[in-house]
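Step one of this worksheet: look at the structure below.
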Amino acid sequence: MPDWLNIALRSTGAIVYLFILTKIIGKRQIRQLTYIEYIVGITIGSIAGFMAMEMDGPIYHSLIALTIFALFPVLLEWLSLKSKFIRNVVEGNAAILIKDGKILEDNLKSERLTTEDLLEHLRMKNVFRVADVEFALMETSGELSVLLKSQNQPLTPQHLELTVSPAEEPQAVIMDGAIMDEPLATLGLNRRWVRAELEKAGVALENVFLGQVDKGGQLYLDLYDDKIQAPRPNEMKLTFATLKKCQADLELFALETQDKRMKRFYRYDSEELQDVIDQMKPLLIR
Amino acid sequence: MTVASQVKQTLASLKGAQANLETFALNTQNQQAKQLYTQAAEQTKSILSNLEQRVTELENEEPQYKGF
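Each protein sequence line maps, in turn, to chains A and B. Under my numbering, the first residue of the first sequence is numbered 835, with each subsequent residue one higher. Under my numbering, the first residue of the second sequence is numbered 5, with each subsequent residue one higher.
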């Protein structure tokens, strides 16, 4: 066998084997490396390179080394699932850097972080004032988690005591002019519904780049032709407006009529309708 | 426009809104939202039947405008 063929075969083998091994190690590898995984990642690469280029030794030597290096983190992970102690040793502990709004200098030192490093980490979390931070923690992955003081946390509907409609995940039902059957089925809708909605909007299916079903089955459309304005779904807002109009009408009737009994009835109805409106407001408007 | 026909108009709009609420209830997969829509549709329906009664009474009072 000529040398070049040998190298080509070994390289291909190394790549394929490496691919299989990384599949076994799992997806954690890329994003959040533990110490061990970091070491393994580096070593595995050089062994694979060695396997491809070094033609003296038999190929299975490198394969054995690769397998051991790759299976070691899997074994460690399995062990750390079983025991908290091993977990602490392998993954290390998170270090508290800021507590009760005060920087813990000793922990900063033991993590070998300078003040600039801390500030940089905070800025990456969109925090520019240390005074805004209640609690900050250096995770084992080296990322900083920040808890802001409650007065600096973003405003949520809960703070305003607003009721909002329950979140529903939107589904993309049209992509590149083709109807997607699976997301449609998840929503309990079918192709005929999509065609009817497109007809309503006056848009051809081929012209739709993306169609997404929002809450309450409203279809949002983005067209290929950006000059055409796709009608925005406003059925919910219209319904809400109609309800409000009817309520106003009822109040008007109550004011206009001279009949005491009728007045009472109209008033009662308008109050009932106001109740419905209050209930529907979060769902239809927000 | 007579009072009866005004009430009838309101009745018609409200009927449309009620039907929409029922459609929303059918279209959503979220159980909580579904329940809220159904509840609102039911409540609107009872208001509708009240109003319909009112219309009948008005037509009895002004029989010359019946049907308008």
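For each residue, glycine too, the CB sits at the ideal point set by N, CA and C. Only a predicted model underlies this, so the values are computations on that prediction, with no experimental measurement involved.
Rounded separation between residue 32 (chain B) and residue 1032 (chain A) - CA only: If you number the second sequence from 1, residue 32 (chain B) lands on position 28. If you number the first sequence from 1, residue 1032 (chain A) lands on position 198. Taking the straight line joining both Cα atoms gives about 19 Å.
Partner residues on chain A for residue 9 (chain B), Cβ-Cβ distance less than 8 Å: Locating residue 9 (chain B) in the second sequence gives position 5, counting from the first residue. Those within 8 Å of residue 9 (chain B) in chain A number zero; the least Cβ separation is about 12 Å.
Local Cβ density within 10 Å of residue 976 (chain A), reported as buried at 16 or more and exposed below that: Counted from its first residue, the first sequence places residue 976 (chain A) at position 142. That one is exposed.
Proximal residues, the region 48 to 61 of chain B versus chain A, C-beta separation under 7 Å: Among the residues of the region 48 to 61 of chain B, those with a Cβ less than 7 Å away from any Cβ of chain A are 48, 51, 54, 55, 58, in the order of the chain.
Option in A:908, A:912, A:874, A:852 with minimal Cα separation from residue 1165 (chain A): It is not possible to answer for residue 1165 (chain A), since the shown part of chain A is limited to 835 through 1120.
Check whether residue 929 (chain A) and residue 944 (chain A) have beta carbons under 8 Å apart: Position 95 of the first sequence, counted from the start, is the residue given in the question as residue 929 (chain A). Position 110 of the first sequence, counted from the start, is the residue given in the question as residue 944 (chain A). At a Cβ-Cβ threshold of 8 Å, residue 929 (chain A) and residue 944 (chain A) count as neighbours.
Test: residue 884 (chain A) CB closer than 8 Å to a CB of chain B: Reading the first sequence from its first residue, position 50 is the one you call residue 884 (chain A). For residue 884 (chain A), not one C-beta of chain B is nearer than 8 Å to its own C-beta.
Every unbroken beta strand (DSSP E) within the region 953 to 1034 of chain A, with a cutoff of 3 residues, ordered by chain: Listed in chain order, they are 967 to 972, 978 to 982, 1005 to 1009.
Three-pair Cβ contact test at 8 Å for the region 901 to 913 of chain A versus the region 868 to 887 of chain A: With the cut-off at 8 Å, the region 901 to 913 of chain A and the region 868 to 887 of chain A touch.
Every unbroken beta strand (DSSP E) within the region 884 to 912 of chain A, with a cutoff of 3 residues, ordered by chain: You should have found no qualifying run.
Near-chain B residues of the region 983 to 1013 of chain A - C-beta to any C-beta below 7 Å: The region 983 to 1013 of chain A vs chain B, Cβ under 7 Å: 999, 1000, 1002.
Length of the line joining the Cα atoms of residue 1116 (chain A) and residue 998 (chain A): What you label residue 1116 (chain A) is simply residue 282 of the first sequence in a count that begins at 1. What you label residue 998 (chain A) is simply residue 164 of the first sequence in a count that begins at 1. C-alpha separation (whole angstroms): 5 Å.
Beta-carbon proximity list for residue 1108 (chain A), same chain, < 6 Å, skipping 5 on both sides: In the first sequence, counting from the first residue as 1, residue 1108 (chain A) sits at position 274. So the qualifying residues of the chain are 1081.
Cutoff 8 Å: residue 1049 (chain A) Cβ touching any chain B Cβ: Taking the first sequence and counting its residues from 1, the one referred to as residue 1049 (chain A) is at position 215. Yes, residue 1049 (chain A) lies at the interface with chain B (some Cβ there is under 8 Å from its Cβ).
Residue 938 (chain A) to residue 931 (chain A) span [Cα, whole Å]: Within the first sequence, numbered from 1, the residue matching residue 938 (chain A) stands at position 104. Within the first sequence, numbered from 1, the residue matching residue 931 (chain A) stands at position 97. Computed Cα separation, rounded: 5 Å.
Cut-off 8 Å between Cβ atoms - residues of its own chain near residue 41 (chain B), not counting five sequence neighbours on either side: The residue given as residue 41 (chain B) occupies position 37 in the second sequence. Exclusion of the five residues before and after residue 41 (chain B) leaves 25, 26, 28, 29, 32 as the residues of its chain whose Cβ lies within less than 8 Å of its Cβ.
Local Cβ density within 10 Å of residue 843 (chain A), reported as buried at 16 or more and exposed below that: Here residue 843 (chain A) corresponds to residue number 9 of the first sequence, with the count starting at 1. Sixteen is the threshold: since fewer than 16 other Cβ atoms of the shown chains lie within 10 Å of the Cβ of residue 843 (chain A), the residue is exposed.
Euclidean distance between Cα positions of residue 1036 (chain A) and residue 22 (chain B): Here the question's residue 1036 (chain A) lines up with position 202 in the first sequence. Here the question's residue 22 (chain B) lines up with position 18 in the second sequence. Each residue's Cα considered, the two are about 25 Å apart.
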